[in-house]
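S.K.: Residues 590 to 775 in my numbering are what the sequence shown lists, from first letter to last. The beta-carbon is built from N, C-alpha and C at its ideal position, and this holds for glycine as well.
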Amino acid sequence: EDFDEEEFERDPVIGFYGNHSFICIWDDTKEEYKFLDSWGGQWGKPMYIAFDKEKPYFGKTAEETFGKLGKFVVCDLLQVMIRTEEELEEYDHQSFTITKNAENPVLLEFDTFDGTKKAASPAFLMALLLKQHLKAIKKETGEKPNGLGFCILADFHWEDIERVNNCLEDACNLLKLGGYSFFGWQ
């Protein structure tokens, strides 16, 4: 398939840095990307998911829950996604543990509101976060995007970036998102 630069330029871009993400959308009038102000502009929003209530919630409020309670929250997903299964055996996090089952070589197990522990794959948790991004994009543009561009603003080795891209691809497939592309940041 030929790379269509015209079409790509219209896809929203989600950038990741540290434990934050930002969204850029194409501005037809200025013919350039602009940061989505409702998603924190150039600073973006924290990538936290809290499970201390029946319905999960995200962002700054979830980050505050992590600060107060130190549990019920999944964060640092990029740090999980860049690691190999072997490296994850040594990875320790305050609010979740790494586990696995027959279908999933990597699961994050975390406390929930009803006193039980739940486990989910990094791709599933990333899909929950991406769903929030898609809602913000739709609210701004009036339509769900056909595709997304992803950019990781971190100094990872290419193997690490490849692992993140694979996880993002799985998350996009869970959301039945049509197209997605990955590009580096220079």
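Name the two residues that bound the continuous beta strand (DSSP E) containing residue 771.
M.R.: 768-772
S.K.: In terms of residue numbering, what span does the beta strand (DSSP E) encompassing residue 706 cover?
M.R.: 706-709
S.K.: Is residue 619 buried or exposed, if buried means 16 or more other CB atoms sit within 10 Å of its CB?
M.R.: exposed
S.K.: Does DSSP put residue 722 in a helix, a strand or coil?
M.R.: helix
S.K.: Indicate the three-state DSSP secondary structure (helix, strand or coil) for residue 661 in the structure shown.
M.R.: coil
S.K.: Quick check on residue 610: does DSSP put it in helix, strand or coil?
M.R.: strand
S.K.: Run through the DSSP bridge pairs and tell me what residue 649 is partnered with.
M.R.: None; residue 649 has no bridge partner.
S.K.: What are the boundary residues of the beta strand (DSSP E) that includes residue 687?
M.R.: For residue 687, the enclosing beta strand (DSSP E) covers residues 685-688.
S.K.: Who are the near neighbours of residue 710 in its chain, counting only those whose CB is closer than 7 Å to its CB and skipping five residues on each side?
M.R.: 693, 695 and 696.
S.K.: Using the Cα positions of residue 651 and residue 715, report the straight-line distance between them to the nearest angstrom.
M.R.: 15 Å
S.K.: Leaving aside the five residues before and after residue 680 along the sequence, list all residues of the same chain whose C-beta is less than 8 Å from its C-beta, in chain order.
M.R.: So the qualifying residues of the chain are 668, 669, 672 and 687.
S.K.: Identify whether residue 698 lies in helix, strand or coil by the three-state DSSP scheme.
M.R.: In the structure shown, residue 698 sits in a strand (DSSP, three-state: E or B).
S.K.: To the nearest angstrom, report how far apart residue 720 and residue 764 are at their CA atoms.
M.R.: 8 Å
S.K.: Inspect the CB distances between the stretch 629-641 and the stretch 653-665 and report whether three or more fall short of 8 Å.
M.R.: yes
S.K.: Tell me, to the nearest whole angstrom, how far the beta carbon of residue 683 is from that of residue 648; I am working on the premise that it is less than 8 Å.
M.R.: Residue 683 to residue 648, Cβ: 19 Å. No contact.
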